[in-house]
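Chains as they are written, first to last, in the working numbering: chain A, 593 to 781; chain B, 2 to 245.
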């Protein structure tokens, strides 16, 4: 039976590096996905992901468990993303290659998915990435945390240090912009 | 128009039962809010198409020890052992006091305490009058050196002892003998360690060969899969061309 985050954190705080590495294995994909969607660059998202775990490891002694371990990681990641955006002085980039590599696409397709469906899905993904990159930071972050990480309104409010009603407003505004822009781009279905 | 926050809460199904009943009642009467809900849900469905690239980070936290790792075969180890023996020998011949009187020559030294405790003149024997067997003397030296090796820092009280036929040359000879024995032990240990390393290297080499063989097999499998996928793509392109 797999240990809970709390158990692994307790053992990590006692100096057990293997336990912390289990946490890394468990959370590296969600953290990477969060960083990628917020800043939009694969390489930088990988760096942010790695830095998140390094900082968490160093600061583990100060983590008292008031919040969930995952929430703590999300907070570190979002802070690093914010620093990255500030440092780069630019908005997130919708990283999407111009050419479509059919061979690469074919290797990604599910057995039940045709090449045509796969191309359409990739096109939609690129369109979403472009629209998300144009959203204000606070709306984009709220949508990412809600849609892709399943956080509750309250958890998002705690992470972003804003009222619950603000979270709902940002989600409403963000979803409305996405819907409108996708319709204008002709990719709404 | 409905409260936007309530609409969002309804879309994400994160609201109280009372609020849900309230908004559902409203939606039955309000076409504009029904469209709004439909649009928000549609946007959510489309968001699912945005997937991040595959992650190939796979990093782990590794705790490094400070400083350079200790090697069992470090020259310092052998030097320390030699130094210990030399210190023991030096300690054994330290506090040497030579006195010559009518009772003969008396040597006071740090070892052979048993004979020295009885420091009365009766215990003092002439230098040339030694009757002690060589084996017993050697055993006494060996015991004393081992004591000194085990507790080199503790000062040993000097004691009077007869020379018992042990000249400086004899002492040096025995020290050299002990050093030779120590070197022999070190050589034996070195041989054992080298054999152990050779075994480890051989085992690692075998493991590497197995790993290489596995990777080659995997690469062959990937190449086959790529050929199949390439063919599938070509077929798809051909179909599309025919349809057009």
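We put the CB at the ideal spot given by N, CA and C, even for glycine.
Check whether the Cβ of residue 40 of chain B lies closer than 8 Å to any Cβ atom in chain A.
Residue mapping note: residue 40 of chain B aligns to position 39 of the second chain, counting from 1. So yes, residue 40 of chain B belongs to the interface.
Beta-carbon proximity of residue 50 of chain B to residue 713 of chain A, cut-off 8 Å
Within the second chain, the letter at position 49 stands for residue 50 of chain B. Within the first chain, the letter at position 121 stands for residue 713 of chain A. Going by C-beta atoms, residue 50 of chain B is nearer than 8 Å to residue 713 of chain A.
Collapsed DSSP secondary structure at residue 37 of chain B in the structure displayed
Indexing the second chain from 1 puts residue 37 of chain B at position 36. Helix at residue 37 of chain B.
State the start and end residues of the unbroken alpha helix (DSSP H) segment that holds residue 628 of chain A.
Here residue 628 of chain A corresponds to residue number 36 of the first chain, with the count starting at 1. Note, residue 628 of chain A: alpha helix (DSSP H), 609-631.
Check the Cβ-Cβ distances between residue 33 of chain B and every residue of chain A, and say whether any is below 8 Å.
As a first step, residue 33 of chain B must be located in the second chain, where it is residue number 32. At a cut-off of 8 Å, the C-beta of residue 33 of chain B has no neighbouring C-beta in chain A.
9 Å Cβ cut-off: residues of chain D touching residue 10 of chain B
In the structure shown, chain D does not exist; the protein chains are A and B.
From residue 237 of chain B to residue 762 of chain A, what distance separates their C-alpha atoms?
Here residue 237 of chain B is taken as the residue at index 236 of the second chain, counted from 1. Here residue 762 of chain A is taken as the residue at index 170 of the first chain, counted from 1. For residue 237 of chain B and residue 762 of chain A, the distance between alpha carbons rounds to 43 Å.
With distances taken from CA atoms, which of A:772, A:776, A:777 and A:778 is nearest residue 39 of chain B?
Here residue 39 of chain B refers to the residue found at position 38 of the second chain. Closest option to residue 39 of chain B, Cα to Cα, is A:772.
Check whether the stretch 643-657 of chain A touches the stretch 667-675 of chain A, taking contact to mean three or more Cβ pairs, one atom from each stretch, closer than 8 Å.
yes
From A:775, A:756 and A:770, residue whose alpha carbon lies closest to that of residue 7 of chain B
Within the second chain, numbered from 1, the residue matching residue 7 of chain B stands at position 6. Here the closest residue by C-alpha is A:756.
Under 8 Å by beta carbon: chain A residues contacting residue 15 of chain B
By 1-based counting over the second chain, the position of residue 15 of chain B is 14. By Cβ distance, chain A contributes 744 and 745.
With 8 Å as the threshold, decide whether the Cβ of residue 52 of chain B is near any Cβ in chain A.
For the purposes of this step, residue 52 of chain B is taken as the residue at position 51 of the second chain. At least one chain A Cβ lies under 8 Å of residue 52 of chain B.
Local conformation of residue 675 of chain A per DSSP, three classes:
Numbered from 1 along the first chain, position 83 holds the residue referred to as residue 675 of chain A. Helix.
What's the call for residue 673 of chain A, buried or exposed, on a 16-neighbour Cβ count within 10 Å?
As a working mapping, residue 673 of chain A is identified with position 81 in the first chain. It is buried - the Cβ of residue 673 of chain A has at least 16 other Cβ atoms within 10 Å.
Can you name, in chain order, every residue of its own chain whose Cβ lies under 7 Å from the Cβ of residue 747 of chain A, other than the five neighbours on each side?
Working through the first chain from its first residue, we reach residue 747 of chain A at position 155. Contacts found: 663.
So, with DSSP's three-state summary, where would you put residue 741 of chain A?
For the purposes of this step, residue 741 of chain A is taken as the residue at position 149 of the first chain. Of the three classes helix, strand and coil, the one that applies to residue 741 of chain A here is coil, per DSSP.
I need the straight-line Cα distance from residue 177 of chain B to residue 148 of chain B, nearest angstrom please.
By one-based count along the second chain, residue 177 of chain B stands at place 176. By one-based count along the second chain, residue 148 of chain B stands at place 147. If I take the Cα positions, the gap works out to 18 Å.
Is the stretch 723-734 of chain A close to the stretch 616-633 of chain A, with three or more CB pairs under 8 Å?
Touching, yes.
I want to verify the contact list: residues of chain B whose CB lies under 8 Å from the CB of residue 757 of chain A, in sequence order.
Counting from one through the first chain, the residue named residue 757 of chain A turns up at place 165. Under the 8 Å cutoff, chain B gives 6.
Under 8 Å (Cβ pairs) to chain B, residues found in the stretch 632-662 of chain A
634, 637, 638, 641, 642, 645, 646 and 649
Limits of the unbroken alpha helix (DSSP H) element including residue 659 of chain A
Walking along the first chain from the start, residue 659 of chain A turns up at place 67. Looking at the DSSP string, residue 659 of chain A is not in any alpha helix (DSSP H), and its letter there is neither H nor E.
Measuring only between beta-carbons, confirm whether residue 44 of chain B sits less than 8 Å from chain A.
Numbered from its first residue, the second chain carries residue 44 of chain B at position 43. Yes, contact with chain A.
Between the C-alpha atoms of residue 3 of chain B and residue 29 of chain B, what's the straight-line distance to the nearest angstrom?
Looking up residue 3 of chain B in the second chain gives position 2. Looking up residue 29 of chain B in the second chain gives position 28. Rounded to the nearest angstrom, the two C-alpha atoms are 12 Å apart.
Have a look at B:190, B:62 and B:206 and flag the residue whose alpha-carbon is nearest the alpha-carbon of residue 613 of chain A.
The residue you call residue 613 of chain A lines up with position 21 of the first chain. Closest option to residue 613 of chain A, Cα to Cα, is B:62.
Starting from residue 49 of chain B and walking both ways along the alpha helix (DSSP H), at which residues does that stretch end?
On the second chain, residue 49 of chain B is found 48 positions in, with the first residue counted as 1. Neither: residue 49 of chain B is in no alpha helix (DSSP H) and is coded neither H nor E.
Rounded separation between residue 18 of chain B and residue 46 of chain B - CA only:
Against the second chain, residue 18 of chain B aligns to sequence position 17. Against the second chain, residue 46 of chain B aligns to sequence position 45. Near 24 Å, if we compare the C-alpha coordinates of residue 46 of chain B and residue 18 of chain B.
Is it right to say residue 13 of chain B is buried, meaning 16 or more other beta carbons lie within 10 angstroms of its own, or is it exposed?
Within the second chain, numbered from 1, the residue matching residue 13 of chain B stands at position 12. So residue 13 of chain B counts as buried.
Beta-carbon separation of residue 661 of chain A and residue 616 of chain A under 8 Å?
Mapped onto the first chain, residue 661 of chain A falls at position 69. Mapped onto the first chain, residue 616 of chain A falls at position 24. No, Cβ-Cβ distance for residue 661 of chain A and residue 616 of chain A is not below 8 Å.
Residue 13 of chain B in three-state terms, based on DSSP:
Numbered from 1 along the second chain, position 12 holds the residue referred to as residue 13 of chain B. Coil.
Give a yes or no on whether the minimum CB-CB distance between residue 713 of chain A and chain B is below 8 Å.
By 1-based counting over the first chain, the position of residue 713 of chain A is 121. Judged by the 8 Å Cβ criterion, residue 713 of chain A is in contact with chain B.
Rounded to whole angstroms, what's the CA-CA distance from residue 768 of chain A to residue 729 of chain A? Just pull it up for me.
Reading the first chain from its first residue, position 176 is the one you call residue 768 of chain A. Reading the first chain from its first residue, position 137 is the one you call residue 729 of chain A. For residue 768 of chain A and residue 729 of chain A, the distance between alpha carbons rounds to 15 Å.
Output needed for residue 619 of chain A: all residues of its chain with C-beta closer than 7 Å, excluding positions within five of it in sequence on either side, in chain order.
Within the first chain, residue 619 of chain A is the residue found at index 27, counting from 1. Taken in chain order, the residues that qualify are 662 and 665.
Hey, out of A:659, A:735 and A:657, whose CA is closest to residue 770 of chain A's CA?
On the first chain, residue 770 of chain A is found 178 positions in, with the first residue counted as 1. The option with the nearest alpha carbon to residue 770 of chain A is A:735.
What residues of chain A sit near residue 239 of chain B, judged by a beta carbon separation below 9 Å?
Walking along the second chain from the start, residue 239 of chain B turns up at place 238. Result: empty, since nearest Cβ-Cβ is about 12 Å, beyond 9 Å.
Enclosing alpha helix (DSSP H) for residue 60 of chain B [first to last residue]:
As a working mapping, residue 60 of chain B is identified with position 59 in the second chain. Note, residue 60 of chain B: premise wrong, no alpha helix (DSSP H); not H, not E.
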